[in-house]
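Count along the sequence shown starting at 1, add 72, and that's the number in the working numbering.
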Amino acid sequence: VQLVESGGGLVQPGGSLRLACAAPGIAFRIYDMSWYRQAPGNQRELVASITSGGNTEFAGSVKGRFIISRDNAKKMVYLQMNSLQSEDTAIYYCNARNRKIGNYWGQGTQVTVSS
């Protein structure tokens with residue numbers, strides 16, 4: 073199973089980026105989808121999640137700035153990141169989880185917030 077992230081890059085503080093994750097090889101609509109991130113020296117942390125039913129949750133540090141959404145027809149999940157800060161610099165990973173079937177990860181995409 074392959075999850076493919078895209079949309080990372082270099083952005084100035086206060087800027088925006090939109091990450092995308094394609095999951096063509098799974099029965100997408102029955103998976104909970106999440107974005108995690110890992111900064112150098114830190115553990116991987118949950119950023120945002122959206123359940124198969126569309127319920128969302130966000131880490132406190134990104135609440136009000138990030139939006140997660142999904143398109144079941146396209147088998148895509150998105151992370152709209154606004155008002156980016158240097159603390160948001162990390163590798164961002166897409167995750168697909170179904171408790172009965174499996175747990176899958178993408179290869180990650182680098183987000184760097186710097187002036």
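Even glycine gets a Cβ: it sits at the ideal position worked out from N, Cα and C.
Looking at the secondary structure, which residues open and close the beta strand (DSSP E) in which F100 lies?
Counting from one through the sequence shown, the residue named residue 100 turns up at place 28. From DSSP, F100 is part of no beta strand (DSSP E); its letter is neither H nor E.
Taking DSSP as the reference, what is the three-state secondary structure of S158?
In the sequence shown, residue 158 corresponds to position 86, counting from 1. Correct three-state label for S158: helix.
Assign R109 to buried or exposed, taking buried as 16 or more other Cβ atoms, counted over all protein chains shown, within 10 Å of its Cβ.
As a position in the sequence shown, residue 109 is number 37, starting the count at 1. Label assigned to R109: buried.
Within 10 Å of its beta-carbon, does L200 have 16 or more other beta-carbons around it, so buried, or fewer, so exposed?
As shown, the chain starts at 73 and ends at 187. That puts residue 200 outside it, with no answer to give.
So, helix, strand or coil for R116, using DSSP?
Counted from its first residue, the sequence shown places residue 116 at position 44. In the structure shown, R116 sits in coil (DSSP, three-state: anything other than H, G, I, E or B).
Go to G81, then tell me how far its beta strand (DSSP E) extends in each direction, as first and last residue.
Taking the sequence shown and counting its residues from 1, the one referred to as residue 81 is at position 9. Run containing G81: G81 to V83, per the beta strand (DSSP E) assignment.
Supposed close pair P96, K147 - CB separation, criterion 8 Å:
Here the question's residue 96 lines up with position 24 in the sequence shown. Here the question's residue 147 lines up with position 75 in the sequence shown. P96 to K147, Cβ: 5 Å. Contact.
Beta strand (DSSP E) containing T128: first to last residue?
Working through the sequence shown from its first residue, we reach residue 128 at position 56. Element bounds for T128: T128 to F130.
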